[in-house]
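Chemist:
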Amino acid sequence: MAATRTSARTAGAGKTASAPSGSNIVEFNREQELEAYRTMLLIRRFEEKSGQMYGMGLIGGFCHLYIGQEAVVVGMQMSAKEGDSVITGYRDHGHMLACGMDPKGVMAELTGRRGGLSKGKGGSMHMFSKDKKFYGGHGIVGAQVSLGTGLAFANQYRGNDNVSMTYFGDGAANQGQVYESFNMAQLWKLPVIYVIENNRYAMGTAVTRASAQADFSKRGLSFNIPGEQVDGMDVRAVKAAAENAIKWCREGNGPYILEMQTYRYRGHSMSDPAKYRTKEEVQRMRDEHDPIEQVRARILKANFATEDDLKQIDAGVRAIVAEAAEFATNDPEPDASELWTDILV
Amino acid sequence: MPTNILMPALSPTMEQGKLAKWLKKEGDVIKSGDVLAEIETDKATMEVEAVDEGVLAKILIPDGTDNVAVNTPIAVIAGEGEDASTATAAPAAPMNGAPAKIDDAGGEKPASVAKTASDAPIPASAVPASPEIPEGTAMVTMTVREALRDAMAEEMRRDGDVFVMGEEVAEYQGAYKVTQGLLQEFGPKRVVDTPITEHGFTGLGVGAAFAGLKPIVEFMTFNFSMQAIDQIVNSAAKTLYMSGGQMGCPIVFRGPNGAAARVGAQHSQDFAAWYSAIPGLKVVSPYSAADAKGLLKAAIRDPNPIIFLENEILYGQSFEVPVMDDFVVPIGKARIHRPGKDVTIVSWSIGMTYAIKAAAELEKDGIDAEIIDLRTIRPMDTETILRSVMKTGRCVTVEEGYPQSGVGAEIAARVMEGAFDYLDAPVLRVTGKDVPMPYAANLEKLALPNVGEVVAAVKAVLYR
Chain Z
823 MAATRTSART
833 AGAGKTASAP
843 SGSNIVEFNR
853 EQELEAYRTM
863 LLIRRFEEKS
873 GQMYGMGLIG
883 GFCHLYIGQE
893 AVVVGMQMSA
903 KEGDSVITGY
913 RDHGHMLACG
923 MDPKGVMAEL
933 TGRRGGLSKG
943 KGGSMHMFSK
953 DKKFYGGHGI
963 VGAQVSLGTG
973 LAFANQYRGN
983 DNVSMTYFGD
993 GAANQGQVYE
1003 SFNMAQLWKL
1013 PVIYVIENNR
1023 YAMGTAVTRA
1033 SAQADFSKRG
1043 LSFNIPGEQV
1053 DGMDVRAVKA
1063 AAENAIKWCR
1073 EGNGPYILEM
1083 QTYRYRGHSM
1093 SDPAKYRTKE
1103 EVQRMRDEHD
1113 PIEQVRARIL
1123 KANFATEDDL
1133 KQIDAGVRAI
1143 VAEAAEFATN
1153 DPEPDASELW
1163 TDILV
Chain Y
6 MPTNILMPAL
16 SPTMEQGKLA
26 KWLKKEGDVI
36 KSGDVLAEIE
46 TDKATMEVEA
56 VDEGVLAKIL
66 IPDGTDNVAV
76 NTPIAVIAGE
86 GEDASTATAA
96 PAAPMNGAPA
106 KIDDAGGEKP
116 ASVAKTASDA
126 PIPASAVPAS
136 PEIPEGTAMV
146 TMTVREALRD
156 AMAEEMRRDG
166 DVFVMGEEVA
176 EYQGAYKVTQ
186 GLLQEFGPKR
196 VVDTPITEHG
206 FTGLGVGAAF
216 AGLKPIVEFM
226 TFNFSMQAID
236 QIVNSAAKTL
246 YMSGGQMGCP
256 IVFRGPNGAA
266 ARVGAQHSQD
276 FAAWYSAIPG
286 LKVVSPYSAA
296 DAKGLLKAAI
306 RDPNPIIFLE
316 NEILYGQSFE
326 VPVMDDFVVP
336 IGKARIHRPG
346 KDVTIVSWSI
356 GMTYAIKAAA
366 ELEKDGIDAE
376 IIDLRTIRPM
386 DTETILRSVM
396 KTGRCVTVEE
406 GYPQSGVGAE
416 IAARVMEGAF
426 DYLDAPVLRV
436 TGKDVPMPYA
446 ANLEKLALPN
456 VGEVVAAVKA
466 VLYR
């Protein structure tokens, strides 16, 4: 019985086009530098405010801040086109802002209010926007990897050229379903970029204490999935790598792995004093590799903007964040009747 | 001494098969390992190899015979020096050591999927017409397996977003042949063989459903869904709620659930109670072929994640299915299988076979049992149960699952809460025993519910 081969899913197994070699950094023009600066700053200020509001008891439960990792999602999104989707784990606030989701809605979800993106029923780790192609926000470590592979499956099924950008951390990279997904993605040539945000610590466990293969770009080797390590603190490097990977996926070559070498400044969650690393290590990253400071320095050096211009951007961002915080503080809690809605369609 | 060749059991649940083709003829010399014949089971065509050596003296069952029971002598091998031409059937071997019959499973004989004209049709199970079937509708006899396949095929024709994926669903035609023919009609884009990777393909299916496709994910058996239960519970069931209603998950997880026959503890578990404990899921478990078809079609159209629990032993059983362009049975509605006034028996899926036989026995004692086929476990049609119990005053539940926190326990609680004043006796549960499923035929039989237990429970609630 010879089935008709109509799909790359069945025709492509085993074949691998020659993978592109490492991506070269391409200098940003003025607009790109300013866009990156503004978006990264928005995430930074938003997260700082979230931390503050958590301290005030306005945000409860789990709250995982993205501070330090901003260049990853911002650089990726700078290479994406409309239709490309994003899915990630629990450290998701930055991804939502980079996808263009309303900061007020995100913050109100953090405070569990009715104006939150999930009507206050999801919380920090569970927000979604079909409109912005943001598929969550998932609290089970690694679950989003299979789900993101499914988003790519849907793209291929529909015959569009959209790419699924599936983010996970160095910790999730040790979950079994990641490799089940790698296998299917390569077998069927699914358009998915696995963005491994290696921030060096899975909760409190350093990469070297948890990972036999700490070069995460090689985690797809046995499936013939190409991968590269990227300086995830340099938004230009991220964007260049993203462009490479997206092209690879759009052209039907299957999945691609980008290991983003990054760093989170704060603890794993709000209750983590981060005793597993030295203060000096954190300070060194902040001083020498801060993704926002890098852009800022380049902007000033290239005369793309003046200190005053940047102050104005900063003020604009602060105003957005203040407005979000204000909204999230004053918006009422969901009506009690919401307890019983949205369980089934 | 001539040796009989017996119809072999080629799968755990096989009770009969078709002798498709003899590859040796009378008079041929047979060596051990020679392929003698091809036998069609309800799942596959298998080759039968000779174990004994000699001359094929006589073929007792000719090519193309349907419904040859397991252990029926099909040919005789004569030893060296024996007169092949005069050999006759050796006396049938005693049935000791024969594959265990599931005595109480299948209240009716599987009907013929008759292909040869000489076969007398075996009547299909008479299931009272569902309220969903208009009076006077023509009926056709088909197996549960065929009904499920037709449901998928019809929905796939209707909606290009529907696809089926799972292990062996395409080229192999389904491990239990439920997806037979789908690959040929819909191609590999929509009938997707996956690697053995339940956690991964379940998550992939859920992701595709988030993106708006309508996957049918087949678990080869629901036992393997435990590998994937995180994606079912945490991703499929909860995301609609966690997204404030934005991100629905239109997906069907289906496959055989519960015990088959002699497949041991890891392959014989009933997940009805497990999945029915989860808000955000619907759990459907049909008994008849008509319900299997109508409910699977409803499940595929439903915008929610559905757990569709089938039963391997029921796959081969035949029932009448209405000939309708679009037969859909609503999820969440129980069906009165047999009206009665003395006691309410609530069951579903394979449990119905015990309930139906028990009701027939009870009738001989003048006890008129009402049988409710629950059909959907979640959302449970409590109203139909309560209405019946208010009439009969007595209730017995029948399920193959475990007693603790079982579906029967849930029904008992609801009856107590909703019809306490109408009860003339405590609700009794007939369940699988509180043990991992044993392999030995006798122990397995003891572990499962049986007709006698249902009869005894009914008599107990009637104080007889």
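Respectively, the protein sequence lines represent chains Z and Y.
Under my numbering, the first residue of the first sequence is numbered 823, with each subsequent residue one higher.
Under my numbering, the first residue of the second sequence is numbered 6, with each subsequent residue one higher.
Where a beta carbon is used, it is the ideal one built from N, C-alpha and C, also for glycine.
None of these values were measured; they are calculated from a predicted model.
(1) Would you grab the beta carbon distance between Z:H917 and Z:V928 for me? Rounded to a whole angstrom, and I think it's under 8 Å.
(2) What does a CB cutoff of less than 7 Å around Y:D429 pick up in its chain, not counting 5 residues either side in sequence?
(3) Just by C-beta distance, which residues in the segment 1002-1036 of chain Z are closer than 8 Å to chain Y?
(4) For Y:K194 and Z:A1063, what's the separation of their Cα atoms in angstroms?
(5) Counting pairs of Cβ atoms below 8 Å between the segment 318-325 of chain Y and the segment 283-290 of chain Y, do you hit three or more?
(6) To the nearest angstrom, report how far apart Z:E1170 and Z:D914 are at their CA atoms.
(7) Name the two residues that bound the continuous beta strand (DSSP E) containing Y:P327.
(8) Quick one, which of Y:P200, Y:T146, Y:I237, Y:I416 has its alpha-carbon nearest Y:K298's?
(9) Do the segment 270-280 of chain Y and the segment 407-424 of chain Y touch if we need at least three Cβ pairs shorter than 8 Å?
(10) Enumerate in chain order the residues of its own chain whose CB-to-CB distance from Z:K1168 is below 6 Å, with the five nearest sequence positions on each side excluded.
(11) For Y:A180, which residues from the same chain have a beta carbon less than 6 Å from its beta carbon, with the 5 sequence-adjacent residues on both sides left out?
(12) For Y:A80, which three-state DSSP category applies?
(13) At a CB-CB cut-off below 7 Å, which residues of chain Z make contact with Y:P284?
(14) If you pair each beta-carbon of the segment 440-448 of chain Y with each one of the segment 383-403 of chain Y, do three or more pairs fall below 8 Å?
(15) In its own chain, which residues sit with a C-beta less than 6 Å from the C-beta of Y:A214, not counting the 5 before and 5 after it?
(16) Is it right to say Y:D155 is buried, meaning 16 or more other beta carbons lie within 10 angstroms of its own, or is it exposed?
(17) Quick one: give me the first and last residue of the alpha helix (DSSP H) that Z:F850 is part of.
(18) By the 9 Å beta-carbon criterion, what residues does the segment 1087-1101 of chain Z contribute toward chain Y?
(19) Would you say the segment 969-977 of chain Z touches the segment 895-902 of chain Z, given that touching needs at least three Cβ pairs under 8 Å?
(20) Which same chain residues end up closer than 8 Å to Z:R936 when comparing Cβ atoms and leaving out the 5 residues on each side of it in sequence?
(21) I need the straight-line Cα distance from Y:S16 to Y:V222, nearest angstrom please.
(22) Hey, could you find the ends of the alpha helix (DSSP H) Y:R539 is sitting in?
(23) Does Y:G111 pass the burial test, meaning 16 or more other C-beta atoms within 10 Å, or should it be called exposed?
(24) Please name the residue, chosen from Y:T244, Y:E137, Y:G208, that lies closest to Z:F1004 on a Cα-to-Cα basis.
(25) By the criterion of Cβ-Cβ separation under 8 Å, what are the contact partners of Y:N228 in chain C?
(26) Within 10 Å of its beta-carbon, does Y:V456 have 16 or more other beta-carbons around it, so buried, or fewer, so exposed?
(27) DSSP on Y:F224, reduced to helix/strand/coil?
(28) Is the shortest distance between the beta-carbon of Z:T971 and the beta-carbons of chain Y less than 8 Å?
(29) Determine, for Z:M941, whether the minimum Cβ-Cβ distance to residues of chain Y falls below 8 Å.
(30) Out of curiosity, what's the CA-to-CA distance linking Y:E449 and Y:V268?
(31) Can at least three beta-carbon pairs, one atom from the segment 71-78 of chain Y and one from the segment 34-41 of chain Y, be found at a separation below 8 Å?
(32) What span of residues does the alpha helix (DSSP H) with Y:S16 cover, start to end?
(33) Does the segment 1051-1062 of chain Z come into contact with the segment 990-1010 of chain Z, if we say contact requires no fewer than three beta-carbon pairs (one atom in each stretch) closer than 8 Å?
(34) State the Cα-Cα distance for the pair Z:F1045 and Y:I66, rounded to the nearest angstrom.
(35) What are the residues of the segment 247-269 of chain Y that lie near chain Z, defined by any Cβ-Cβ distance shorter than 7 Å?
(36) To the nearest angstrom, how far is it from the Cα of Z:K1097 to the Cα of Z:E892?
Modeler: Considering the structure as presented:
(1) Contact doesn't hold; Cβ gap of about 10 Å is too wide.
(2) The answer, listed in chain order, is G398, R399.
(3) Hits within the stretch, in order: E1002, S1003, N1005, M1006, L1009.
(4) If I take the Cα positions, the gap works out to 31 Å.
(5) Cβ pair count under 8 Å is below three, so no.
(6) Residue 1170 of chain Z is absent from the model: chain Z starts at 823 and stops at 1167.
(7) DSSP places Y:P327 in the uninterrupted beta strand (DSSP E) bounded by 323-327.
(8) Distance from the Cα of Y:K298 is smallest, within the candidate group Y:P200, Y:T146, Y:I237, Y:I416, for Y:T146.
(9) Pairwise C-beta distances place the segment 270-280 of chain Y in contact with the segment 407-424 of chain Y, as three or more of them are shorter than 8 Å.
(10) Chain Z is shown only over 823 to 1167; residue 1168 of chain Z falls outside these bounds and no answer can be derived.
(11) So the qualifying residues of the chain are E173, M225.
(12) Of the three classes helix, strand and coil, the one that applies to Y:A80 here is strand, per DSSP.
(13) Chain-order list of chain Z residues neighbouring Y:P284: I1165, by C-beta distance under 7 Å.
(14) A contact is defined here as three or more CB-CB pairs under 8 Å, and the segment 440-448 of chain Y fails this definition with respect to the segment 383-403 of chain Y.
(15) Cβ neighbours of Y:A214 beyond the five flanking positions: P220, C254, P255, I256.
(16) So Y:D155 counts as buried.
(17) Per DSSP, Z:F850 belongs to no alpha helix (DSSP H) and is neither H nor E.
(18) Answer in chain order: no residues at all.
(19) Here the segment 969-977 of chain Z does not lie against the segment 895-902 of chain Z, with fewer than 3 beta-carbon pairs under 8 Å apart.
(20) Cβ contact annotation for Z:R936 (same chain, cutoff 8 Å, sequence separation greater than five): A930, G942, D1153, P1154, E1155, P1156, D1157, E1160, in chain order.
(21) Cα-Cα distance, rounded: 24 Å.
(22) Nothing can be reported for residue 539 of chain Y: it is not among the residues displayed for chain Y, which extend from 6 to 469.
(23) Per-residue confidence for Y:G111 stands at a pLDDT of 38, beneath the threshold of 50, marking its modelled position as unreliable; the derived number appears in the next sentence. By the 10 Å Cβ count, Y:G111 comes out buried.
(24) It is Y:G208.
(25) The structure shown contains no chain C; its protein chains are Z and Y.
(26) Burial call: buried.
(27) DSSP places Y:F224 in coil when its eight states are reduced to three.
(28) Using beta-carbon distances, Z:T971 counts as an interface residue toward chain Y, with a partner under 8 Å.
(29) In the sequence on display, residue 941 of chain Z carries Lys and not Met. Yes, Z:K941 lies at the interface with chain Y (some Cβ there is under 8 Å from its Cβ).
(30) CA-CA distance, Y:E449 to Y:V268, rounds to 10 Å.
(31) Flag = no, the segment 71-78 of chain Y and the segment 34-41 of chain Y do not touch.
(32) It is not in any alpha helix (DSSP H) - Y:S16 carries neither H nor E in the DSSP assignment.
(33) Here the segment 1051-1062 of chain Z does not lie against the segment 990-1010 of chain Z, with fewer than 3 beta-carbon pairs under 8 Å apart.
(34) Approximately 51 Å between the Cα atoms of the pair.
(35) Residues are counted here when their Cβ sits less than 7 Å from a Cβ of chain Z; for the segment 247-269 of chain Y these are M247, S248, G249, G250, Q251, M252, G253, given in chain order.
(36) Looking at the two C-alpha atoms, the distance is approximately 23 Å.
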